[in-house]
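In order, the protein sequences belong to chains B and Y.
Position 245 of the first sequence, counted from 1, bears residue number 245 in the working numbering, the numbering being contiguous throughout.
Position 216 of the second sequence, counted from 1, bears residue number 216 in the working numbering, the numbering being contiguous throughout.
Okay, structure first, notes after.
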Amino acid sequence: MDFVRKPSKAVPGGAAEGGLKLPSGKKIIKPAAALLAKARAKLAGKAPEAAERTILKKTPETPAVKTAPVLEEEQSAETPEKKAEQRIPSGILSEKPFSVFIPDEDYNSLFPSFYGETRIVLMARDSHWLFAYWEVNRDAVASMRSRLSGSFDAGVTLLRVYDVTNVIFDGRNGNRHLDVRISEGASSWYLHAGDPNRRWVAEIGLLIPDGKFTPYTRSNTIKTPADSVASVLDEEWNISAELMKRSYPKEWHQTGFGGKAVTGNTGAAGALEGSTAGKRNPQGSSDAFHAGSSGWLSSWSSPGGGQGNAPLFWLRVGAEIIIYGATESDAAVTMNGKPVKLASDGTFGTRFNLNDGERTITIEARSAGSRFTRAYTIDVSKYTKEAK
Amino acid sequence: MKGYLSVVLHAHLPYVRHPEHADFLEEDWLYEAIFETYIPLLLVYERLIKDGVDFRVTMSLTPPLLSMLSDPLLQDRALHYIEKLIDLTAKEKKRTEYQPEFRKTAEMYNWKFVEARDYFLSYGKNLVNAFRKIQDAGKLEIITCCATHGYLPLMINQKAINAQIKVAVDTHEKHLGRKPNGIWLAECAYFPGVDYTLKDHGIKFFFVDTHGIMYGVPRPKYGIFAPVFCPSGVAAFGRDVESSKQVWSAKEGYPGDTDYRDFYRDVGFDLEYEYIKPYINSDGTRTFTGLKYYKITGETPQKEPYDPQVALDRTAEHAGNFLFNRGKQIEWLASGMDRKPLIISPYDAELYGHWWYEGPDFLNFLFRKMHYDQDTIKMITPSEYLAEYPVNQVCAPCESSWGYKGYHEVWLECGNDWVYRHLHKAADRMCELAEKFNSPGNLEKRALNQAARELLLAQSSDWAFIMKTGTNVNYAVRRTKEHIVRFTRLYDSLKSGRVDPEYLSGIEYRDNIFPEIDYRVYG
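So this is what it looks like as structure tokens:
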């Protein structure tokens, strides 16, 4: 759609650059609201009240909401065809019909820059990049200053983004996190998370020299979208290789699934993009992930590697794990703290991607009313290496 | 008959209506679209029906477009616009009297514009009635779009998302007499979960870009050649890459053919200033008039005269080529599928006629050839396909859009990202107001409803889009700021209990979209 819209709205030669042109002819015809009646009266040299009264009589309630009610009157008086006939032979029509000029507000000076609150919002731009904007008000800064006392002034503003996939985040149990030092005055940032299909939360806060991070506030949770064909297959709707070849567009064969040209792995370069030049981070420190406290993940490379340009011959491998079980149908089951949905007969099952590393999966069931609790842990380790 | 084709035309323009100004450049977008796209398409449909050609087409008429098409002020201004053009073409016929290479084109403009004006008047200046007639004839499925073309994946506030859908469905029903079965999500932008909101409002299907289906979970059995059901039960149809490229692509696509009309060589820039002055911008700036006499010719500034007859022959060839390719595609797919494959070919409606001048002729030939010349493919609407195949694979589509690179980058980049702070805040505040005011007085109620309008207008994805693409940026910035300022002033005055009736009347007059809106949609 870039293709069609651009020309349709473009005016070459900078004609449209101003966006708005002040009207050359301020023709005043039949205003529709009290305010406009006044404006009209002023321009027409009439007393405002008289004009207002006539208008209000015609349109007693919320006149302006209805589209120019006075027009109906005009239309019923003449057929459109008649009107057209009258106009055409008269040559050029110099003014457009039915306009009431009212001055514009000074929207630039009235436009709020910030809202005096402490808030951070996280958005996913695509499968690999996140965008965060924030605001920290004076009260929050003051209370941080008193909390950190001496070390406040030595602190630097930090944007910390947690990978919270499969966890109920409590501030400490992220799978891993990514830190970006924020330049002074910046209130938004783009950062390269580099990982599709994961859930993320951001915090804006202060990092003091001893390495302690104290957040001002925490964001919403978002998920980065997928950027490749799903590995999950549907038994009932199984797809044969032949059919897949036929029904999937050609481009998808050429680049291999997951290498669709338009989505590109744009983040691969790892460069930061800032909203303005001032927000760029030349150090590129945002690419450095730190292992989270849970040790859920220990490797950031994609399963089976390789995200850059599609090689001539390629292989990607991955593994998934299925956890299943059964309990009383009215029990509450969690898996690493995350609730699991039970079928009506009390069975449950879930499957997810298995990244390289060691992990412990804790499955806990709590009876209705929480009288009894039973739990199991499953230790899993998985490592992918290129075979010789 | 081995498979189906669905041509989907997304008709949309942002709500641009400036009653406070006599002359307003951006309002021309609507008039251009009316006379260069909507009427030419409607004329194609009407003649197909008259000639007994069976065809199907799906169009989204967005709520802002429906509101503008039915707005008396804009209707009158549209009439004024075409009358002016007819006046110009009359002069042009004279001017080109001894220039046979241009004369034919000048005459064509004259009769086409007169025909368009007569058509416009024959429906009482309200084209919604014309579309409705084709709909009621069973040839056109009209679907809706987000209330103000809001970009849902970047909206965050669930109630704001719900309002975009609810207001859209209500507006659609008001103008078209029935609830929409389907929706064109603005910019094809989908995120998992929004389908539940669609379902709440009775919507049965929507569209996603190719990868929206291809990256769905589990892997879709038929790829994009059959719809899938989201976990909510709402169907998702995927855009076909191949047929899209043939029309969309500026280079390989049909519209780039050298015999077609060149968009940029316009008499608004070419002709002597005093002669053309009455037909360009009222402030004297040269602008497009819609009268163009040259063909694309090639990658050269030396353009050759346009020949309408040669161009028309070319559309017939292109329609034949398009149909041949779809036939091959369908045959290839059908041999490996246990149901009839469906090709979804969506385009911006304004591509046809406004940008690709011969586009409506192309569709005309395509529909006729499809009816008379072959029986491999049949045209179908999404609703009809779902009626034939009520059982579909359950698959959660992938978050996506049809913008550059397939996700949200067009609408979230350094030129436009600043808007979201304000859009999100205004949406939260609107919900706060809806919760606070249970039984407002008359003035307060008006202010609350107007606040909802201002929020919705600010949310149009068009502003972010224009900021990104770089033409008319000032206008897009201005619109975003104005609606946020108006919203904020209403919010402050409602909170302090001091609504200014004069100020309110002024903005009700300017921003009059959705007259029946009820702010409690945010409750």
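Virtual Cβ for every residue (Gly too), placed ideally from N, Cα, C.
These figures come from a predicted structure and were not determined experimentally.
Check: Would the segment 100-110 of chain Y and the segment 301-317 of chain Y be scored as touching if the rule is three or more Cβ pairs under 8 angstroms?
Finding: The segment 100-110 of chain Y vs the segment 301-317 of chain Y: in contact.
Next item on the list: Find out if the Cβ-Cβ distance for the pair SER460(Y), GLY150(Y) is shorter than 8 angstroms.
Entry: For this step, residue 460(Y) is matched to residue 460 along the second sequence. For this step, residue 150(Y) is matched to residue 150 along the second sequence. Taking 8 angstroms as the Cβ cut-off, SER460(Y) and GLY150(Y) qualify as a contacting pair.
Note to self: Closer than 8 angstroms between beta carbons: that is the criterion. Which residues of the segment 479-491 of chain Y meet it against chain B?
What the structure shows: LYS481, GLU482, ILE484, VAL485, ARG486, THR488 and ARG489
Checklist line | Three-pair Cβ contact test at 8 angstroms for the segment 446-463 of chain Y versus the segment 142-158 of chain Y | finding: yes
Item checked: Candidates LYS405(Y), VAL485(Y), LEU69(Y) and SER400(Y): closest to GLY212(Y) by CA position -> Along the second sequence, read from residue 1 onward, the residue named residue 212(Y) stands at position 212. Taking only the C-alpha atoms, the option nearest GLY212(Y) is SER400(Y).
Check: What residue from PHE205(Y), ASN442(Y) and PRO231(Y) has the CA that sits closest to PRO501(Y)'s CA?
Finding: On the second sequence, residue 501(Y) is found 501 positions in, with the first residue counted as 1. Ranking PHE205(Y), ASN442(Y) and PRO231(Y) by Cα distance to PRO501(Y) puts ASN442(Y) first.
Notebook entry, point to check: Which of the three DSSP states, helix, strand or coil, is assigned to VAL340(B)?
Noted result: Counting from one through the first sequence, the residue named residue 340(B) turns up at place 340. Here VAL340(B) sits in strand by DSSP.
Check: Between LYS382(B) and chain Y, is there a C-beta pair that is closer than 8 angstroms?
Finding: Residue 382(B) sits at position 382 when you count from the first residue of the first sequence. Not an interface residue.
Check: Can you name, in chain order, every residue of its own chain whose Cβ lies under 8 angstroms from the Cβ of ALA326(B), other than the five neighbours on each side?
Finding: Counting from 1 along the first sequence, the entry for residue 326(B) is found at position 326. Closer than 8 angstroms at Cβ, skipping near neighbours: ASP345, GLY346, THR347 and PHE348.
Note to self: Can you tell me which residues form a DSSP beta bridge with GLU135(B)?
What the structure shows: Your numbering for residue 135(B) matches position 135 in the first sequence. Paired residues: ARG119(B).
Next item on the list: Tell me whether VAL234(Y) sits in a helix, a strand or coil according to DSSP, three-state version.
Entry: Along the second sequence, read from residue 1 onward, the residue named residue 234(Y) stands at position 234. DSSP, reduced to helix, strand and coil, places VAL234(Y) outside both helices and strands of the structure shown, so it counts as coil.
Next item on the list: Would you give the residue range spanned by the alpha helix (DSSP H) that ASP87(Y) belongs to?
Entry: Numbered from 1 along the second sequence, position 87 holds the residue referred to as residue 87(Y). Secondary structure note for ASP87(Y): its alpha helix (DSSP H) is the uninterrupted segment 72-95.
Next item on the list: Just mark GLY318(B) as buried or exposed, buried being the case when its beta carbon has 16 or more other beta carbons within 10 Å.
Entry: Here residue 318(B) refers to the residue found at position 318 when the first sequence is read from its first residue. GLY318(B) should be labelled exposed.
Note to self: So, under 8 angstroms CB-CB, VAL217(Y) and GLY238(Y) are touching, yes? Tell me the CB distance rounded to an integer number of Å.
What the structure shows: Counted from its first residue, the second sequence places residue 217(Y) at position 217. Counted from its first residue, the second sequence places residue 238(Y) at position 238. Contact between VAL217(Y) and GLY238(Y) is absent: CB atoms are separated by about 14 angstroms, not below the 8 angstroms threshold.
Check: Whose Cβ in chain Y lies nearer than 8 angstroms to the Cβ of SER149(B)?
Finding: In the first sequence, the residue the question calls residue 149(B) occupies position 149. Result: empty, since nearest Cβ-Cβ is about 32 angstroms, beyond 8 angstroms.
Notebook entry, point to check: Is the number of C-beta pairs between the segment 179-189 of chain B and the segment 150-167 of chain B that are closer than 8 angstroms three or more?
Noted result: The way I'd put it, the segment 179-189 of chain B does touch the segment 150-167 of chain B; three or more beta-carbon pairs between them come closer than 8 angstroms.
Next item on the list: With a threshold of 16 other CB atoms inside 10 Å of the CB of VAL7(Y), please say whether the residue is buried or exposed.
Entry: Translated into the one-based positions of the second sequence, residue 7(Y) becomes position 7. The residue is buried, with at least 16 neighbouring Cβ atoms inside 10 Å.
Checklist line | Best match in THR258(Y), LEU13(Y), PHE288(Y) and ARG117(Y) for proximity to ASP270(Y) [C-alpha to C-alpha] | finding: The sequence position of residue 270(Y) within the second sequence is 270, counting from 1. Of THR258(Y), LEU13(Y), PHE288(Y) and ARG117(Y), the residue nearest in Cα terms is PHE288(Y).
Check: Looking at the C-beta of LYS385(B), does it have a partner C-beta in chain Y at a distance below 8 angstroms?
Finding: Residue mapping note: residue 385(B) aligns to position 385 of the first sequence, counting from 1. Cβ-Cβ to chain Y under 8 angstroms: no for LYS385(B).
Check: By the 10 Å Cβ neighbour count, where 16 or more other Cβ atoms means buried, how is LEU315(B) classified, buried or exposed?
Finding: Along the first sequence, read from residue 1 onward, the residue named residue 315(B) stands at position 315. LEU315(B) is exposed by the Cβ-count criterion.
Note to self: Considering just the uninterrupted stretch of the beta strand (DSSP E) at VAL180(B), what are its terminal residues?
What the structure shows: For the purposes of this step, residue 180(B) is taken as residue 180 along the first sequence, with counting starting at 1. Start and end: 176-181.
Item checked: Cβ-based burial, ALA427(Y) [other Cβ within 10 Å; buried from 16] -> Locating residue 427(Y) in the second sequence gives position 427, where the first residue counts as 1. By the 10 Å Cβ count, ALA427(Y) comes out buried.
Notebook entry, point to check: Could you give the residue range of the beta strand (DSSP E) that holds LEU191(B)?
Noted result: Along the first sequence, one-based indexing puts residue 191(B) at 191. First-last of the beta strand (DSSP E) with LEU191(B): 188-192.
Check: Is there contact here, the segment 19-30 of chain Y with the segment 324-344 of chain Y, by at least three beta-carbon pairs under 8 angstroms?
Finding: no
Next item on the list: Taking all protein chains shown into account, decide if ALA343(B) is buried (16 or more other Cβ within 10 angstroms of its Cβ) or exposed.
Entry: On the first sequence, position 343 is the one that residue 343(B) refers to. Per the 10 Å Cβ criterion, exposed.
Notebook entry, point to check: Could you give the C-beta distance for GLY182(Y) and LYS159(Y), rounded to a whole number, given that I count them as a contact under 8 angstroms?
Noted result: The sequence position of residue 182(Y) within the second sequence is 182, counting from 1. The sequence position of residue 159(Y) within the second sequence is 159, counting from 1. About 23 angstroms; that fails the 8 angstroms criterion.
Check: With a cut-off of 8 angstroms, do at least 3 Cβ pairs link the segment 50-59 of chain Y to the segment 372-388 of chain Y?
Finding: yes
Note to self: Counting only C-beta atoms, is TYR115(B) closer than 8 angstroms to chain Y at any point?
What the structure shows: Against the first sequence, residue 115(B) aligns to sequence position 115. Closer than 8 angstroms to some Cβ of chain Y, the Cβ of TYR115(B) qualifies, so yes.
Checklist line | Within-8 angstroms CB hit, ALA241(B) to chain Y | finding: What you label residue 241(B) is simply residue 241 of the first sequence in a count that begins at 1. Interface with chain Y (8 angstroms Cβ-Cβ cutoff): ALA241(B) is excluded.
Next item on the list: Could you tell me which of PHE35(Y), GLY470(Y) and ILE134(Y) sits nearest to LEU48(Y), measuring between CA atoms?
Entry: Taking the first residue of the second sequence as 1, we reach residue 48(Y) at position 48. Cα-wise, what sits closest to LEU48(Y) is ILE134(Y).
Margin query: Counting C-beta neighbours from all protein chains within 10 Å, is the total for GLY138(Y) 16 or more, i.e. buried, or is it exposed?
Written below: For the purposes of this step, residue 138(Y) is taken as the residue at position 138 of the second sequence. Exposed.
Note to self: Against chain Y, which members of the segment 212-232 of chain B pass a CB distance test of less than 9 angstroms?
What the structure shows: ASN220, ILE222, LYS223, THR224, PRO225, ALA226, ASP227, SER228, VAL229, ALA230, SER231 and VAL232
Item checked: Cβ neighbour criterion (16 or more within 10 Å) applied to SER505(Y) -> Numbered from 1 along the second sequence, position 505 holds the residue referred to as residue 505(Y). Per the 10 Å Cβ criterion, buried.
Next item on the list: Round the Cβ separation of ALA375(B) and THR362(B) to the nearest angstrom and send it over; I've been treating them as touching at under 8 angstroms.
Entry: One-based indexing of the first sequence puts residue 375(B) at position 375. One-based indexing of the first sequence puts residue 362(B) at position 362. About 6 angstroms; that satisfies the 8 angstroms criterion.
Notebook entry, point to check: Roughly how many whole angstroms lie between the Cα atoms of ASP538(Y) and PRO192(Y)?
Noted result: In this structure chain Y extends from 1 to 523, so residue 538(Y) is not present and cannot be described.
Checklist line | Which residues DSSP lists as bridging TYR376(B), in chain order | finding: Locating residue 376(B) in the first sequence gives position 376, counting from the first residue. DSSP output for TYR376(B) lists ILE363(B) as bridge partner(s).
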